[in-house]
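Trainee: The structure that follows is given in the form of structure tokens.
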Amino acid sequence: MNSTVKRLEQALGDETLTINEIILKLKNQEKRTTSFTTYQLANLLRRKQFEKVGFCKVNKQALWRNKNGI
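If you read the sequence shown in this note's numbering, its first letter stands for residue 8, the second for the next number, and so on.
Structure follows, in structure tokens:
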């Protein structure tokens, strides 16, 4: 699970993204065929290293960011 969190931190960097944008970024960056459902990813983002910062009305999804920023 720890490596998954590290991959999420790298994918987010210092950007603010929706869950779908994070999933696309993970798929494009990695050679693995690991795919998360939006529910699984939302549960991982509820950890203390990430925070919800807003809501995208266009995509109707929460905006997430990395608290520490890389």
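For each residue, glycine too, the CB sits at the ideal point set by N, CA and C.
When you compare each of ILE30, ARG53 and LYS59 to THR45 by their alpha carbons, which one comes out closest?
Mentor: For the residues ILE30, ARG53 and LYS59, the minimum Cα distance to THR45 belongs to ILE30.
Trainee: Report the residue from GLU58, VAL60, THR11 and THR25 whose alpha carbon sits nearest the alpha carbon of GLN68.
Mentor: Ranking GLU58, VAL60, THR11 and THR25 by Cα distance to GLN68 puts THR25 first.
Trainee: Report, in whole angstroms, the separation of the C-beta atoms of GLU16 and ASN73, which I expect to be a contact under 8 Å.
Mentor: The Cβ separation is near 5 Å, so the contact holds.
Trainee: If you draw a straight line from the alpha carbon of LYS59 to that of TRP71, how long is it in whole angstroms?
Mentor: Approximately 5 Å between the Cα atoms of the pair.
Trainee: Do you know how far the Cα of ASN75 is from the Cα of PHE43?
Mentor: If you take the alpha carbons of PHE43 and ASN75, they lie about 23 Å apart.
Trainee: Would ALA49 pass as a contact of LYS32 if the rule is Cβ separation under 8 Å?
Mentor: In this structure, LYS32 does not lie closer than 8 Å to ALA49 by Cβ.
Trainee: Considering Cα atoms alone, identify which of ASN66, ASP21, VAL65 and ARG14 is closest to LYS38.
Mentor: Answer by Cα proximity: ARG14.
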